[in-house]
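Structure first, then comments.
Residue numbers (my numbering): 4 to 328.
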(Lines of atoms letter the chains of each structure in order from A and count residues from 1; the text may use other names and numbers.)
(Lines give C-alpha, C1' and ligand atoms only; values in the text may rest on other atoms or scores of the structure.)
Protein backbone atom coordinates (compact mmCIF):
# COMPACT_ATOMS: atom_id res chain seq x y z
CA UNK A 1 0.00 0.00 0.00
CA UNK A 2 2.87 2.37 0.80
CA UNK A 3 4.43 1.78 -2.62
CA UNK A 4 1.08 2.45 -4.32
CA UNK A 5 0.70 5.66 -2.35
CA UNK A 6 4.20 6.73 -3.35
CA UNK A 7 3.40 6.05 -7.00
CA UNK A 8 0.32 8.27 -6.84
CA UNK A 9 2.41 10.98 -5.18
CA UNK A 10 5.12 10.60 -7.83
CA UNK A 11 2.59 11.01 -10.62
CA UNK A 12 0.98 14.01 -8.98
CA UNK A 13 4.39 15.54 -8.13
CA UNK A 14 3.55 15.48 -4.43
CA UNK A 15 7.02 14.54 -3.09
CA UNK A 16 6.94 10.76 -2.47
CA UNK A 17 9.05 9.53 0.44
CA UNK A 18 11.07 7.26 -1.88
CA UNK A 19 11.27 6.72 -5.63
CA UNK A 20 8.54 4.12 -6.36
CA UNK A 21 9.72 0.85 -7.88
CA UNK A 22 7.97 -2.01 -9.65
CA UNK A 23 9.54 -5.43 -10.20
CA UNK A 24 7.82 -8.03 -12.35
CA UNK A 25 8.87 -11.66 -12.69
CA UNK A 26 7.89 -13.44 -15.90
CA UNK A 27 6.37 -16.92 -15.49
CA UNK A 28 9.33 -18.38 -17.41
CA UNK A 29 11.64 -17.21 -14.61
CA UNK A 30 9.70 -19.32 -12.11
CA UNK A 31 9.68 -22.30 -14.49
CA UNK A 32 13.44 -22.21 -15.13
CA UNK A 33 14.76 -20.94 -11.78
CA UNK A 34 12.01 -21.55 -9.25
CA UNK A 35 14.12 -22.06 -6.11
CA UNK A 36 16.45 -19.17 -6.88
CA UNK A 37 13.53 -16.91 -7.74
CA UNK A 38 11.77 -17.70 -4.47
CA UNK A 39 15.00 -16.91 -2.63
CA UNK A 40 15.16 -13.52 -4.36
CA UNK A 41 11.60 -12.73 -3.32
CA UNK A 42 12.38 -13.62 0.29
CA UNK A 43 15.63 -11.64 0.26
CA UNK A 44 14.00 -8.50 -1.16
CA UNK A 45 10.43 -8.49 0.21
CA UNK A 46 10.19 -4.69 -0.17
CA UNK A 47 9.68 -5.12 -3.92
CA UNK A 48 6.90 -7.69 -3.81
CA UNK A 49 3.40 -8.06 -2.34
CA UNK A 50 3.22 -9.37 1.20
CA UNK A 51 3.49 -13.21 1.38
CA UNK A 52 4.12 -13.35 -2.36
CA UNK A 53 4.89 -16.86 -3.60
CA UNK A 54 4.30 -19.02 -6.65
CA UNK A 55 3.78 -22.78 -6.72
CA UNK A 56 6.43 -23.55 -9.32
CA UNK A 57 6.50 -27.29 -8.59
CA UNK A 58 4.12 -27.77 -11.51
CA UNK A 59 5.28 -25.76 -14.56
CA UNK A 60 1.88 -26.22 -16.17
CA UNK A 61 0.29 -24.24 -13.35
CA UNK A 62 2.67 -21.26 -13.51
CA UNK A 63 1.83 -19.85 -16.93
CA UNK A 64 -1.64 -18.78 -17.96
CA UNK A 65 -3.37 -17.50 -21.09
CA UNK A 66 -1.04 -16.67 -23.95
CA UNK A 67 1.95 -17.39 -21.69
CA UNK A 68 1.20 -21.08 -22.01
CA UNK A 69 2.84 -23.09 -24.79
CA UNK A 70 0.61 -23.91 -27.74
CA UNK A 71 -2.00 -21.92 -29.64
CA UNK A 72 -4.66 -19.57 -28.34
CA UNK A 73 -7.40 -17.83 -30.33
CA UNK A 74 -8.54 -14.47 -28.97
CA UNK A 75 -11.95 -12.82 -29.22
CA UNK A 76 -11.07 -11.19 -32.54
CA UNK A 77 -9.99 -14.47 -34.13
CA UNK A 78 -6.25 -13.77 -33.94
CA UNK A 79 -4.18 -16.94 -33.44
CA UNK A 80 -1.42 -16.63 -30.81
CA UNK A 81 1.44 -19.15 -30.94
CA UNK A 82 3.80 -19.93 -28.08
CA UNK A 83 6.80 -22.28 -28.20
CA UNK A 84 8.35 -21.22 -24.86
CA UNK A 85 6.20 -21.86 -21.78
CA UNK A 86 6.13 -18.80 -19.56
CA UNK A 87 6.99 -16.30 -22.28
CA UNK A 88 4.45 -14.22 -24.18
CA UNK A 89 3.09 -15.60 -27.45
CA UNK A 90 3.11 -13.87 -30.83
CA UNK A 91 0.26 -13.60 -33.31
CA UNK A 92 0.77 -15.93 -36.26
CA UNK A 93 -2.81 -16.05 -37.60
CA UNK A 94 -4.43 -12.81 -38.78
CA UNK A 95 -8.16 -12.76 -39.58
CA UNK A 96 -7.91 -9.70 -41.88
CA UNK A 97 -6.04 -11.17 -44.84
CA UNK A 98 -7.01 -8.53 -47.41
CA UNK A 99 -8.16 -4.91 -47.07
CA UNK A 100 -11.64 -6.00 -48.10
CA UNK A 101 -11.84 -8.29 -45.05
CA UNK A 102 -12.03 -5.18 -42.88
CA UNK A 103 -15.66 -4.66 -43.86
CA UNK A 104 -16.79 -8.14 -42.80
CA UNK A 105 -14.77 -8.13 -39.56
CA UNK A 106 -17.17 -8.37 -36.63
CA UNK A 107 -16.67 -6.51 -33.37
CA UNK A 108 -16.53 -9.07 -30.53
CA UNK A 109 -19.64 -9.15 -28.38
CA UNK A 110 -17.94 -9.63 -24.99
CA UNK A 111 -18.26 -6.67 -22.64
CA UNK A 112 -16.09 -7.89 -19.77
CA UNK A 113 -13.83 -4.86 -19.44
CA UNK A 114 -10.79 -6.77 -20.70
CA UNK A 115 -8.22 -4.45 -22.28
CA UNK A 116 -5.07 -6.54 -22.74
CA UNK A 117 -1.66 -5.25 -23.66
CA UNK A 118 -1.86 -4.12 -27.28
CA UNK A 119 -5.49 -3.05 -27.18
CA UNK A 120 -5.41 -0.36 -29.90
CA UNK A 121 -2.41 0.12 -32.21
CA UNK A 122 -1.00 -3.39 -31.76
CA UNK A 123 -4.51 -4.78 -32.21
CA UNK A 124 -4.49 -3.36 -35.74
CA UNK A 125 -1.22 -5.18 -36.46
CA UNK A 126 -2.51 -8.40 -34.91
CA UNK A 127 -5.64 -8.31 -37.03
CA UNK A 128 -3.88 -7.63 -40.33
CA UNK A 129 -0.27 -8.68 -39.92
CA UNK A 130 2.51 -6.08 -39.89
CA UNK A 131 3.05 -5.73 -43.64
CA UNK A 132 -0.63 -5.50 -44.53
CA UNK A 133 -1.25 -2.98 -41.77
CA UNK A 134 1.67 -0.83 -42.96
CA UNK A 135 0.32 -0.90 -46.52
CA UNK A 136 -3.09 0.21 -45.29
CA UNK A 137 -1.55 3.05 -43.30
CA UNK A 138 0.55 4.07 -46.32
CA UNK A 139 -2.45 4.09 -48.66
CA UNK A 140 -4.59 6.00 -46.12
CA UNK A 141 -7.77 4.62 -47.61
CA UNK A 142 -11.19 3.89 -46.19
CA UNK A 143 -10.05 0.43 -45.02
CA UNK A 144 -7.66 1.67 -42.33
CA UNK A 145 -10.23 4.18 -41.08
CA UNK A 146 -12.89 1.46 -40.87
CA UNK A 147 -10.55 -0.91 -39.05
CA UNK A 148 -9.53 1.74 -36.55
CA UNK A 149 -13.17 2.67 -36.00
CA UNK A 150 -14.13 -0.93 -35.18
CA UNK A 151 -11.27 -1.46 -32.74
CA UNK A 152 -11.94 1.89 -31.09
CA UNK A 153 -15.65 1.12 -30.73
CA UNK A 154 -14.84 -2.21 -29.05
CA UNK A 155 -12.35 -0.56 -26.67
CA UNK A 156 -14.90 2.07 -25.68
CA UNK A 157 -17.36 -0.70 -24.85
CA UNK A 158 -14.69 -2.33 -22.69
CA UNK A 159 -13.74 0.87 -20.90
CA UNK A 160 -17.39 1.59 -20.20
CA UNK A 161 -17.80 -1.90 -18.73
CA UNK A 162 -14.95 -1.45 -16.25
CA UNK A 163 -15.07 2.31 -15.69
CA UNK A 164 -16.50 2.24 -12.19
CA UNK A 165 -13.94 -0.35 -11.04
CA UNK A 166 -10.90 1.86 -11.62
CA UNK A 167 -9.00 2.82 -8.49
CA UNK A 168 -6.54 5.68 -8.15
CA UNK A 169 -4.75 4.54 -11.32
CA UNK A 170 -6.08 3.05 -14.57
CA UNK A 171 -3.39 0.97 -16.28
CA UNK A 172 -3.07 0.59 -20.06
CA UNK A 173 -0.42 -0.97 -22.29
CA UNK A 174 0.08 -0.62 -26.04
CA UNK A 175 3.51 -0.51 -27.70
CA UNK A 176 3.74 2.39 -30.15
CA UNK A 177 7.38 2.26 -31.20
CA UNK A 178 10.01 0.18 -32.92
CA UNK A 179 13.65 0.24 -31.80
CA UNK A 180 14.39 3.51 -33.63
CA UNK A 181 11.04 5.21 -34.07
CA UNK A 182 7.38 4.74 -34.92
CA UNK A 183 6.69 2.36 -37.81
CA UNK A 184 3.99 4.66 -39.19
CA UNK A 185 5.88 7.84 -38.25
CA UNK A 186 4.73 10.52 -35.80
CA UNK A 187 2.55 12.41 -38.29
CA UNK A 188 0.40 9.41 -39.28
CA UNK A 189 0.29 8.41 -35.60
CA UNK A 190 -1.06 11.84 -34.73
CA UNK A 191 -3.61 11.63 -37.53
CA UNK A 192 -4.94 8.14 -36.89
CA UNK A 193 -4.05 6.97 -33.35
CA UNK A 194 -3.84 10.09 -31.21
CA UNK A 195 -7.59 10.83 -31.58
CA UNK A 196 -8.34 7.25 -30.44
CA UNK A 197 -6.36 7.50 -27.21
CA UNK A 198 -7.71 10.99 -26.59
CA UNK A 199 -11.28 9.73 -26.94
CA UNK A 200 -10.76 6.63 -24.77
CA UNK A 201 -8.85 8.35 -21.99
CA UNK A 202 -11.21 11.30 -22.23
CA UNK A 203 -14.07 8.99 -21.26
CA UNK A 204 -12.27 8.23 -18.01
CA UNK A 205 -11.28 11.81 -17.28
CA UNK A 206 -14.83 13.02 -17.84
CA UNK A 207 -16.46 10.53 -15.47
CA UNK A 208 -13.59 10.00 -13.04
CA UNK A 209 -11.42 13.14 -13.14
CA UNK A 210 -9.40 12.00 -10.13
CA UNK A 211 -8.30 8.73 -11.75
CA UNK A 212 -4.73 8.81 -13.02
CA UNK A 213 -3.95 7.18 -16.37
CA UNK A 214 -0.76 5.12 -16.64
CA UNK A 215 0.36 3.94 -20.05
CA UNK A 216 3.05 1.36 -20.78
CA UNK A 217 4.45 1.65 -24.28
CA UNK A 218 7.59 -0.05 -25.59
CA UNK A 219 9.82 1.18 -28.38
CA UNK A 220 11.22 4.55 -29.38
CA UNK A 221 8.33 6.87 -28.51
CA UNK A 222 9.96 10.05 -27.21
CA UNK A 223 8.59 11.99 -30.22
CA UNK A 224 5.00 11.41 -29.13
CA UNK A 225 5.29 11.48 -25.35
CA UNK A 226 3.93 15.06 -25.17
CA UNK A 227 1.05 13.91 -27.41
CA UNK A 228 0.22 11.10 -24.98
CA UNK A 229 0.06 13.67 -22.19
CA UNK A 230 -2.36 15.69 -24.33
CA UNK A 231 -4.46 12.52 -24.65
CA UNK A 232 -4.78 12.36 -20.87
CA UNK A 233 -1.88 10.11 -19.86
CA UNK A 234 -0.51 11.04 -16.43
CA UNK A 235 2.48 8.67 -16.34
CA UNK A 236 4.28 6.95 -19.24
CA UNK A 237 6.33 3.75 -18.96
CA UNK A 238 9.07 4.15 -21.63
CA UNK A 239 12.08 1.93 -22.30
CA UNK A 240 15.59 3.19 -21.54
CA UNK A 241 17.37 1.47 -24.43
CA UNK A 242 14.96 2.33 -27.24
CA UNK A 243 14.56 6.00 -26.30
CA UNK A 244 17.97 6.91 -24.90
CA UNK A 245 18.48 8.76 -21.63
CA UNK A 246 19.34 12.04 -23.36
CA UNK A 247 16.01 12.07 -25.21
CA UNK A 248 14.07 11.23 -22.06
CA UNK A 249 15.77 14.01 -20.13
CA UNK A 250 15.11 16.49 -22.93
CA UNK A 251 11.45 15.57 -23.46
CA UNK A 252 10.43 14.74 -19.88
CA UNK A 253 12.49 17.21 -17.87
CA UNK A 254 13.72 20.13 -19.98
CA UNK A 255 10.85 20.75 -22.42
CA UNK A 256 8.17 19.90 -19.85
CA UNK A 257 7.75 17.68 -16.80
CA UNK A 258 6.30 14.30 -17.79
CA UNK A 259 6.09 11.68 -15.01
CA UNK A 260 7.69 8.43 -16.16
CA UNK A 261 8.07 4.91 -14.83
CA UNK A 262 11.41 4.17 -16.50
CA UNK A 263 11.87 0.65 -17.82
CA UNK A 264 15.51 0.01 -16.95
CA UNK A 265 17.82 -1.52 -19.56
CA UNK A 266 16.71 -5.12 -19.91
CA UNK A 267 19.13 -5.62 -22.83
CA UNK A 268 22.03 -4.75 -20.52
CA UNK A 269 21.10 -6.90 -17.54
CA UNK A 270 21.97 -10.40 -18.90
CA UNK A 271 25.55 -9.37 -19.69
CA UNK A 272 26.37 -6.62 -17.19
CA UNK A 273 28.79 -6.74 -14.31
CA UNK A 274 27.60 -5.79 -10.86
CA UNK A 275 29.27 -2.39 -11.12
CA UNK A 276 27.69 -1.75 -14.54
CA UNK A 277 24.25 -2.47 -13.09
CA UNK A 278 24.78 -0.02 -10.22
CA UNK A 279 26.20 2.58 -12.61
CA UNK A 280 23.18 2.23 -14.91
CA UNK A 281 20.63 2.70 -12.14
CA UNK A 282 22.61 5.61 -10.69
CA UNK A 283 22.88 7.33 -14.10
CA UNK A 284 19.14 7.10 -14.68
CA UNK A 285 18.15 8.31 -11.23
CA UNK A 286 20.63 11.18 -11.16
CA UNK A 287 19.48 12.38 -14.61
CA UNK A 288 15.72 12.13 -14.04
CA UNK A 289 15.23 12.69 -10.29
CA UNK A 290 13.08 15.57 -9.13
CA UNK A 291 12.46 16.27 -5.41
CA UNK A 292 8.75 16.63 -6.11
CA UNK A 293 8.51 13.25 -7.88
CA UNK A 294 7.78 12.41 -11.49
CA UNK A 295 10.00 9.31 -11.48
CA UNK A 296 9.43 5.62 -10.87
CA UNK A 297 11.68 2.68 -11.79
CA UNK A 298 10.56 -0.54 -13.45
CA UNK A 299 12.41 -3.86 -13.78
CA UNK A 300 11.39 -7.06 -15.54
CA UNK A 301 13.21 -10.23 -14.47
CA UNK A 302 13.45 -13.24 -16.75
CA UNK A 303 15.48 -16.41 -16.95
CA UNK A 304 18.16 -15.05 -19.32
CA UNK A 305 19.39 -12.76 -16.53
CA UNK A 306 21.84 -14.61 -14.23
CA UNK A 307 20.55 -14.88 -10.69
CA UNK A 308 23.52 -12.92 -9.32
CA UNK A 309 22.63 -10.08 -11.71
CA UNK A 310 18.99 -10.22 -10.58
CA UNK A 311 20.16 -9.79 -7.01
CA UNK A 312 22.45 -6.90 -8.02
CA UNK A 313 19.55 -5.17 -9.81
CA UNK A 314 17.39 -5.35 -6.69
CA UNK A 315 20.27 -4.18 -4.49
CA UNK A 316 20.78 -1.20 -6.78
CA UNK A 317 17.06 -0.43 -6.69
CA UNK A 318 17.11 -0.53 -2.91
CA UNK A 319 20.04 1.88 -2.79
CA UNK A 320 18.82 4.41 -5.33
CA UNK A 321 15.12 4.47 -4.49
CA UNK A 322 16.21 6.49 -1.44
CA UNK A 323 18.10 9.00 -3.61
CA UNK A 324 17.55 12.65 -2.63
CA UNK A 325 19.79 14.51 -5.05
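Every residue, glycine too, gets a C-beta built ideally from N, C-alpha and C.
{"Check": "CA-CA distance, residue 174 and residue 279?", "Outcome": "31 Å"}
{"Check": "Per DSSP, which residues does residue 236 bridge with? Please list them.", "Outcome": "In DSSP, residue 236 forms no bridge with anything."}
{"Check": "Which runs of the beta strand (DSSP E) fall wholly inside the stretch 9-63 and span at least 3 residues, in chain order?", "Outcome": "24-28"}
{"Check": "The beta strand (DSSP E) that contains residue 113, what's its start and end?", "Outcome": "Unbroken run through residue 113: none, as it is neither H nor E."}
{"Check": "Just to confirm, is the Cβ distance from residue 310 to residue 35 under 8 Å?", "Outcome": "no"}
{"Check": "In the DSSP output, what is residue 265 paired with across the bridge?", "Outcome": "300"}
{"Check": "Using the three-state DSSP reduction, which class does residue 108 fall into: helix, strand or coil?", "Outcome": "coil"}
{"Check": "Counting pairs of Cβ atoms below 8 Å between the stretch 159-178 and the stretch 127-141, do you hit three or more?", "Outcome": "no"}
{"Check": "Between which two residues does the alpha helix (DSSP H) holding residue 137 run?", "Outcome": "133-142"}
{"Check": "Could you check where the alpha helix (DSSP H) with residue 200 kicks off and where it finishes?", "Outcome": "197-210"}
{"Check": "Counting C-beta neighbours from all protein chains within 10 Å, is the total for residue 93 16 or more, i.e. buried, or is it exposed?", "Outcome": "exposed"}
{"Check": "Helix, strand or coil for residue 75, going by three-state DSSP, please let me know.", "Outcome": "strand"}
{"Check": "Is the stretch 176-194 in contact with the stretch 207-215, if contact means three or more CB pairs nearer than 8 Å?", "Outcome": "no"}
{"Check": "Answer with buried or exposed for residue 226, where buried requires no fewer than 16 other C-beta atoms within 10 angstroms of its C-beta.", "Outcome": "buried"}
{"Check": "Measure the alpha-carbon distance for residue 50 versus residue 283 and round it to whole angstroms.", "Outcome": "19 Å"}
{"Check": "Let's test the definition: count the other Cβ atoms within 10 Å of the Cβ of residue 249 and tell me whether it reaches 16, buried, or not, exposed.", "Outcome": "exposed"}
{"Check": "Since I believe residue 308 is in contact with residue 273 (beta carbons under 8 Å), could you give me their beta-carbon distance rounded to a whole number of angstroms?", "Outcome": "5 Å"}
{"Check": "Could you tell me which of 44, 70, 80, 102 sits nearest to residue 89, measuring between CA atoms?", "Outcome": "70"}
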